[in-house]
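Remarks on the structure that follows.
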RNA sequence: GCGGGUGUCGCCAAGCGGUUAAGGCCUCGGAUUGUGGUUCCGAUAUUCGUGGGUUCGAAUCCCAUCAUCCGCCCCA
């Protein structure tokens, strides 16, 4: 047996790699245009960073981490990047920078799961974090960045859902009430939900088991869900966020069941979904996580951010990013062709030639296949006369020009 | 962790107990030796994921194993 790529990992081959470059370049363009700066953090971190930062009740920490022991240290391949960015923020004293601190990143993440459509063990995320602003204007900008990015990728028709989880104060009261009404019939809920009751009762709300959904339809439970449990400050924050979104013309729907799997969120949470992705349909997820920095040992810092799954974006990009060549050099001499192509490359023209130096027919064939705009023919005559025959491969017109005029010619067309 | 599907050339595949294991794409060679994108001709799997078994005979049936895909849980 030959060696294969590991389960849940994929090679990104030419054909797709152009799309990846497009996603990365577009991210840089959109985010730096709004004055976000790129941060690159290590791919592995101390395991404790994730168990504390992501939360011990989450699936990520409980069953999906790539953890290994090295020299008695427990190391984990990052399953997401917010914890790492916050660690870097604290470690590098970035709270002393003028707020807001606006960062973006992209790179591989690792989660030990059964692969399926839209889910791999090594996958890639592009994300953004905004630190130091308490007001909902920060949430609004973060969301606007996500929307703008998707628009620039040519994916404008995705649906945005938002919700507010409240703050620790009001959420605790809400959680207790929810726990109270759900626990009346808790023995009828699924096994998962029964264990969630104590650890994270909010997660019961988006359980997919039909039986649980039916139980949740209970009037008493619905009354609690629909009650405006969040305190005045949180409610005010949420209302203002909606005002900002309305003012920007961003469409959204409110999903009271949206709680998200990570422990660190408070107030705003949001998700962007696609209808054409199969069952793994979340393209973007994020929210506000004001308590995380302090939890990880830093100064209390208001924070909001999101991450998108790049593989999922990729499968939504259904147009080709086409490759082309400015010039393909056709010659009877591989050496002459090489030198000319190299000269053109040095002057910024995308050029190639045939290293096998077959007959002209083959070389022209190759020029067409590579989508070259021009063929520069360099036969014996041209070499002796310091000229080059230029053929426009789409019109088939050709003419002889002096070598000295090549760059002028290319600059003019 | 659980459930289902699939495994024949680099890719897409036909074949369903006895065939020299179709076909298409890609690749390579050729159709007067300096001209392409169209066309035509030709080449490329002793072998059907792997290991056993049944049979006179297996890619085709059975068992095991591995890989992969899809779904559940959950998420990007």
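In our numbering, the protein residues as written are 6 to 418.
C-beta: ideal position from N, C-alpha, C; glycine also.
Of the listed residues the options, nearest to residue i (C-alpha basis)
i: residue 29; options: 56, 131, 48 and 149; result: 131
i: residue 241; options: 332, 313, 140 and 133; result: 140
i: residue 375; options: 26, 335 and 411; result: 335
i: residue 378; options: 359, 367, 387 and 401; result: 401
i: residue 13; options: 189, 243 and 114; result: 114
i: residue 163; options: 238, 154, 231 and 385; result: 154
i: residue 251; options: 142, 48, 122 and 134; result: 142
i: residue 280; options: 302, 190, 104 and 318; result: 318
i: residue 182; options: 152, 230, 217 and 161; result: 230
i: residue 24; options: 325, 199, 107 and 366; result: 325
i: residue 123; options: 289, 368, 417 and 50; result: 289
i: residue 175; options: 55, 160, 232 and 224; result: 232
i: residue 267; options: 207, 245, 321 and 256; result: 207
i: residue 104; options: 337, 215, 8 and 306; result: 306
i: residue 96; options: 298, 59, 389 and 351; result: 298
i: residue 275; options: 285, 167, 247 and 93; result: 167
i: residue 262; options: 269, 273, 195 and 254; result: 273
i: residue 37; options: 411, 106 and 218; result: 106
i: residue 236; options: 101, 212 and 271; result: 271
i: residue 179; options: 17, 333 and 227; result: 227
i: residue 278; options: 218, 161, 254 and 7; result: 161
i: residue 64; options: 320, 100 and 84; result: 84
i: residue 212; options: 173, 144, 254 and 264; result: 264
i: residue 389; options: 323, 223, 337 and 367; result: 337
i: residue 22; options: 349, 322 and 411; result: 322
Residue(s) in a DSSP beta bridge with residue i
i: residue 114; result: 128
i: residue 289; result: 277 and 313
i: residue 106; result: 136
i: residue 308; result: 136
i: residue 39; result: Note: residue 39 sits in no beta bridge, so no partner.
i: residue 167; result: 259 and 275
i: residue 73; result: 80
i: residue 49; result: 82
i: residue 121; result: 124
Residue i Cβ short of 6 Å to the ligand ADP heavy atom set
i: residue 355; result: Within the structure as shown, the ligand ADP is missing, as the structure has no ligands at all.
Residues near residue i by beta carbon distance below 8 Å, same chain, minus five either side
i: residue 373; result: 398
i: residue 45; result: 110 and 112
i: residue 258; result: 164, 165, 166 and 167
i: residue 188; result: 202
i: residue 60; result: 66, 267, 268 and 269
i: residue 195; result: 212, 214, 216 and 217
Contact check, residue i vs residue j, beta carbons under 7 Å
i: residue 291; j: residue 239; result: no
i: residue 282; j: residue 341; result: no
i: residue 308; j: residue 136; result: yes
i: residue 339; j: residue 362; result: yes
i: residue 128; j: residue 316; result: yes
i: residue 393; j: residue 385; result: no
i: residue 134; j: residue 303; result: no
i: residue 269; j: residue 249; result: no
i: residue 89; j: residue 50; result: yes
i: residue 357; j: residue 330; result: yes
i: residue 220; j: residue 197; result: no
i: residue 404; j: residue 395; result: yes
i: residue 380; j: residue 333; result: yes
i: residue 93; j: residue 253; result: no
i: residue 152; j: residue 35; result: no
i: residue 31; j: residue 158; result: yes
i: residue 102; j: residue 42; result: no
i: residue 225; j: residue 186; result: yes
i: residue 144; j: residue 246; result: yes
Cβ neighbours of residue i in the same chain (closer than 6 Å, five flanking residues each side left out)
i: residue 203; result: none
i: residue 52; result: 72, 79 and 81
i: residue 243; result: 169
i: residue 91; result: 297, 298 and 301
Contacts around residue i, its chain only, beta-carbon distance under 7 Å, and the 5 residues preceding and following it disregarded
i: residue 117; result: 69, 70, 71 and 126
i: residue 184; result: 202 and 206
i: residue 343; result: 358
i: residue 62; result: 204, 205 and 268
- Item | 4-residue-minimum alpha helix (DSSP H) runs that sit fully inside the stretch 310-344, ordered along the chain | With a minimum length of 4 residues, the continuous alpha helix (DSSP H) runs that stay inside the stretch 310-344 are 315-321.
- Query: Which runs of the alpha helix (DSSP H) fall wholly inside the stretch 345-408 and span at least 4 residues, in chain order?
  - Reply: As far as the stretch 345-408 is concerned, its whole alpha helix (DSSP H) runs of at least 4 residues are 365-374 and 385-390.
- Within the stretch 216-259, note down every full beta strand (DSSP E) run reaching 3 residues or more, in order along the chain. Runs of beta strand (DSSP E) with 3 or more residues, each lying fully within the stretch 216-259, are absent.
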